[in-house]
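Chemist: The structure follows.
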Amino acid sequence: MARKGKMIVEQIESEFLQQSMELKIYQPETFSPLYKYHLCIMQDGNDYYQMGRIATLSDQLHDDFEIENTVFVGIHYKDRYDRLKKYHPDGEQNEAYTKFLIREVVPFLDDLLPTYNMGGARTLMGDSLAGTLALMTALKYPNTFGKVIMQSPLVNDTVLNAVNEAKRLDTIDIYHTIGTNELSVETSMEPDVDFVTPNRQLRDLLETKGLTYTYKEIENGEHTWKYWQKDMPNALKTMFGDD
C-alpha cells in the first residue's frame, strides 16, 4: 500500500555529538503550514518506521480522525554499541545525546514545522533502551517534553532514583507497557535480564507522583516488535487522540 503522507529526510550537524544525525520526518497527507502539529520524536527511528509501521498507522489514524495532527520524527543509531552509548542512562554519550535532543533537534523542528512550540505537544517515544531515554529526558526537561511513550523500557537503579528524586512530574503524561513474558531478556550488556519486576517497581513509583499515567501489561508479551507493534495503535490513540 502506497503511503499517503510525505517522508522528508533532514540532517543536523550536531555540535554535542560531533557527528551528522539524520532525521526522518513523516508528515500526514493533509499537512499544511496553516495548521499546528504535535511532534512525536522516536529513537530507534528506523525500527519504528519498518517494524512499528508508524507511517501506515499515521495514514490510517489521521484518515479516521482518531489522532490529532501529528508529525513523526525518527532518529536512528549506527549500531548496537552506538545505541548503548547514547541511550543507556549510564552511557558515555547519554548526556551529549540528551543535549542534542533538547538544544538541536527541538529548535530545528520548531523552525522547520508549524508546531505548538510547547512541551505538552512534544512526545518522546521509544522501545527498550530508547524508552528509557525517553523517560529520563522528560524527567530532566519536563517543560520541553511533556509526553512519553515507553515500551518495555530498561529500568535500573539509575532510572528508579531519577524518578524518585524528580520534583515536577505533574505536567508529564506517560504511556508505559511491559510484556508479562519479559522475564529473561538478552540485552547488549547482559544475557538474562528480568524486565518485568523493575518495570512494576517503576509503575508503583510513578503512580505516587501525581502525573497522568497509563500502564499496561501485555499478556504473554515478549521483548519483540511483534508485541510492541500490536499495541502501537492503542498507544498513539491514547496519547494523540482527537477528543
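The sequence shown begins at 65 in my numbering and counts up by one. Think of the CB as a built atom: it goes at the ideal place given N, C-alpha and C, for glycine as much as any other residue.
Do you know how far the Cα of SER122 is from the Cα of VAL170?
Modeler: So the alpha carbons of these two residues sit roughly 21 Å apart.
Chemist: What are the boundary residues of the alpha helix (DSSP H) that includes LEU193?
Modeler: Per DSSP, LEU193 belongs to the alpha helix (DSSP H) from 193-204.
Chemist: Counting C-beta neighbours from all protein chains within 10 Å, is the total for THR272 16 or more, i.e. buried, or is it exposed?
Modeler: Exposed, by the Cβ-count rule.
Chemist: Tell me whether THR187 sits in a helix, a strand or coil according to DSSP, three-state version.
Modeler: Looking at THR187 - three-state DSSP - the assignment turns out to be strand.
Chemist: Taking the continuous beta strand (DSSP E) assigned at GLU74, which residues delimit it?
Modeler: Run containing GLU74: 70-78, per the beta strand (DSSP E) assignment.
Chemist: If you reduce the DSSP assignment to three classes, tell me which class GLU283 lands in.
Modeler: Coil at GLU283, not helix or strand.
Chemist: Would you check if there are 3 or more beta carbon pairs closer than 8 Å linking the segment 73-87 to the segment 114-134?
Modeler: Touching, no, given that fewer than three Cβ pairs across the two stretches are closer than 8 Å.
Chemist: Let me know the secondary structure DSSP gives LEU233 once reduced to three states.
Modeler: Residue state, collapsed to three classes: coil.
Chemist: Please list, in chain order, all residues of the same chain as THR179 whose beta carbon is under 7 Å from its beta carbon, the five residues on each side excluded.
Modeler: Once the five neighbours on either side are set aside, the close Cβ partners of THR179 are LYS100, TYR101, LEU103, LEU173 and ALA185.
Chemist: Answer yes or no: do PRO217 and THR196 have a C-beta to C-beta separation smaller than 8 Å?
Modeler: Cβ atoms of PRO217 and THR196: closer than 8 Å.
Chemist: What are the partner residues of ILE131, as DSSP defines its beta bridges?
Modeler: Looking at the DSSP assignment, ILE131 forms a beta bridge with GLY305.
Chemist: State the Cα-Cα distance for the pair ARG147 and TYR141, rounded to the nearest angstrom.
Modeler: Each residue's alpha carbon lies about 6 Å from the other.
Chemist: Starting from LEU269, trace the beta strand (DSSP E) in both directions and tell me its first and last residue.
Modeler: Careful: LEU269 lies outside any beta strand (DSSP E), inside the alpha helix (DSSP H) at 260-270.
Chemist: DSSP state of GLN124, grouped into three classes?
Modeler: In this structure, GLN124 counts as helix in the three-state DSSP scheme.
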